[in-house]
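Trainee: So that we are looking at the same thing, I have put the structure below in structure tokens.
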Amino acid sequence: MADATRILQLSPVIPVVTIDDPQHAVPVARALADGGVGIIELTLRTANALTSLKLIASEVPEICVGAGTILTPGQADAAAEAGAAFLVSPGVTPGLLQHMLGLGIPVLPGVATVGEVMMVLEHGLKAMKFFPAGSAGGPDYLAAIGAPVPQVQFCPTGGISLATAPDYLKLPNVACVGGSWLTPRTAVEANDWDRISALAREAAALRS
Ligand code: 3PG
Numbered sequence: 051m052a053d054a055t056r057i058l059q060l061s062p063v064i065p066v067v068t069i070d071d072p073q074h075a076v077p078v079a080r081a082l083a084d085g086g087v088g089i090i091e092l093t094l095r096t097a098n099a100l101t102s103l104k105l106i107a108s109e110v111p112e113i114c115v116g117a118g119t120i121l122t123p124g125q126a127d128a129a130a131e132a133g134a135a136f137l138v139s140p141g142v143t144p145g146l147l148q149h150m151l152g153l154g155i156p157v158l159p160g161v162a163t164v165g166e167v168m169m170v171l172e173h174g175l176k177a178m179k180f181f182p183a184g185s186a187g188g189p190d191y192l193a194a195i196g197a198p199v200p201q202v203q204f205c206p207t208g209g210i211s212l213a214t215a216p217d218y219l220k221l222p223n224v225a226c227v228g229g230s231w232l233t234p235r236t237a238v239e240a241n242d243w244d245r246i247s248a249l250a251r252e253a254a255a256l257r258s
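In the working numbering, the protein residues as written are 51 to 258.
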């Protein structure tokens, strides 16, 4: 089933994780899982991202790992091949969406306008990433578009922190939020897995 509604129910926060060195991939995933967060959006923004994705998918079964920053059909294919459990794109085009829907795994397309929401609905999906959430209108914008399209569940991402997440999570059309704050680069590079687990624990408690 291509709709990502069930993926959005796994955690109140989806960590958006960027890993430079694949050696960090498994410990980061384990640290998040230890802190009670069972999902990762791993961005395809680094040279070795697919290697990291493969390692997490094969060695950390307790984490549901998806691929983020999908911009092209080729990246979607490579991510699916590497074991991604779901695919996330920052924005959406009809061509990319159609291609991703053919891969047989859940798809979370990024939208920022009502027209894009309507286009994704036409393709049968009701779960969407709202990106970049903070700059595109924040919680007020999501509350407003909940009136005409109440059937859509969003994962707002971009510019969200532990402090601002509750402003989104209280909305009826927000299933969870996304953010990179759980895996700060400084913590990853210092192998500070305890810090990442602590950040995950705080995030997991947001909707308990
Ligand atoms: C993303 O790709 O979803 C964003 O880069 C995450 O945004 P953030 O760093 O502001 O949390």
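Ideal Cβ placement from N, Cα and C applies to all residues, glycine included.
Small disclaimer: the values here were computed from a predicted structure and weren't measured.
Residues around the ligand 3PG, please: the condition is that the C-beta lies closer than 5 Å to some non-hydrogen atom of it.
Mentor: Chain-ordered list of matching residues: V66, T207, G208, G209, G229 and S230.
Trainee: Cβ of K179 within 8 Å of Cβ of G133?
Mentor: Against a cut-off of 8 Å, the Cβ pair of G133 and K179 comes out as no contact.
Trainee: Considering only C-alpha positions, which residue in the set T93, V161 and L249 is nearest to G213?
Mentor: First, the amino acid is wrong: residue 213 is Ala here, not Gly. Ranking T93, V161 and L249 by Cα distance to A213 puts L249 first.
Trainee: State the DSSP-derived secondary structure class of K179, mapped to helix, strand or coil.
Mentor: Correct three-state label for K179: strand.
Trainee: Using beta-carbon positions only, say whether L100 and A128 come within less than 8 Å of one another.
Mentor: For L100 and A128, yes; Cβs fall inside 8 Å.
Trainee: Return the first residue and the last residue of the alpha helix (DSSP H) that V275 is part of.
Mentor: Absent from the model: residue 275. The displayed extent of the chain is 51 to 258, so no value can be given.
Trainee: Using only alpha-carbon positions, find the residue among E239, W243, W231 and V227 that is nearest to R257.
Mentor: Minimum Cα distance to R257 is reached at V227.
Trainee: Restricting to Cα atoms, I'd like to know which of A135, A117, G165 and L219 is closest to I69.
Mentor: It is A117 whose Cα lies nearest to the Cα of I69.
Trainee: Of the residues Q203, L58, I113 and P140, which one's Cα is nearest the Cα of Q125?
Mentor: Comparing Cα positions, the closest option is P140.
Trainee: For V110, which residues of its own chain have a beta-carbon under 7 Å away from its beta-carbon, when the five flanking residues on both sides are left out?
Mentor: Correct list, in chain order: V76, A79, R80 and A83.
Trainee: Would you mind sorting V224 into buried or exposed? The rule is 16 or more other CB atoms within 10 Å of its CB.
Mentor: Buried, by the Cβ-count rule.
Trainee: Return helix, strand or coil for Q148, following the three-state DSSP convention.
Mentor: It is helical.
Trainee: Taking only three categories from DSSP, how would you classify L58?
Mentor: If DSSP states are grouped into helix, strand and coil, L58 belongs with the helices.
Trainee: With DSSP collapsed to three states, give me the class of L113.
Mentor: For the sequence presented, residue 113 should be read as Ile rather than Leu. Reduced to three states, the DSSP call for I113 is coil.
Trainee: Tell me the rounded alpha-carbon separation between D242 and G208.
Mentor: Near 24 Å, if we compare the C-alpha coordinates of G208 and D242.
Trainee: If you count every other CB in all the chains shown that lies within 10 Å of the CB of V164, and 16 or more means buried, which is it?
Mentor: It is exposed - the Cβ of V164 has fewer than 16 other Cβ atoms within 10 Å.
Trainee: Out of L221, K176 and P200, which has the shortest C-alpha to C-alpha gap to P189?
Mentor: Nearest of L221, K176 and P200 to P189, Cα basis: L221.
Trainee: Would you tell me roughly how many angstroms separate the C-alpha atoms of R245 and I64, rounded to the nearest one?
Mentor: Between R245 and I64, the C-alpha separation is close to 17 Å.
Trainee: Alpha carbon to alpha carbon, how far is P72 from A97? Give it in angstroms, no decimals.
Mentor: Each residue's alpha carbon lies about 10 Å from the other.
Trainee: Cα-Cα, which of D217, A135 and R95 is closest to T119?
Mentor: For T119, the nearest C-alpha among the options comes from R95.
Trainee: Assuming I210 contacts F136 (C-beta within less than 8 Å), just tell me the rounded distance between them.
Mentor: I210 to F136, Cβ: 19 Å. No contact.
Trainee: By Cβ distance, which residues of its chain are closer than 7 Å to P216, with the 5 residues on each side in sequence left out?
Mentor: Same-chain partners within the cutoff: L256.
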